[in-house]
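Notes for the one structure printed next.
Below you can see the structure in the form of structure tokens.
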């Protein structure tokens, strides 16, 4: 049977089959693309982790350098105590600032969006009553 003599129901059936095949192929393509991107993201995350660790070690070496510099004019224990106190003070300030930011973000509910949706619903209800 050629295409001109097919019934509408046959054509719709073929369309359904082709559409199903197309969707399956698109899903397979999307899955392969996500896998490739996932591998790339994993490798990038590993590089970022290595960079962070290297930066940490560089920072630790810099702290040791500051202690050694202070030890030229103070006893070594005093130099180390001063550097430790400064680092702990910085950590306390950063910790308090971080805690304040987390408190602002909780609970993780989109409160502004909920309020906006409620306002929209109230508006629609008000217009429906008129």
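Residue numbers (my numbering): 99 to 228.
Virtual Cβ for every residue (Gly too), placed ideally from N, Cα, C.
Short Cβ contact (8 Å threshold) for residue i with residue j
{"i": "residue 168", "j": "residue 177", "result": "yes"}
{"i": "residue 161", "j": "residue 185", "result": "yes"}
Cβ shell of residue i (< 6 Å), same chain only, five flanking positions each side left out
{"i": "residue 205", "result": "none"}
Contact set for residue i: own chain, Cβ-Cβ below 7 Å, skip 5 residues either direction
{"i": "residue 164", "result": "181"}
Close beta carbons around residue i, own chain, < 8 Å, minus the five adjacent residues each side
{"i": "residue 113", "result": "none"}
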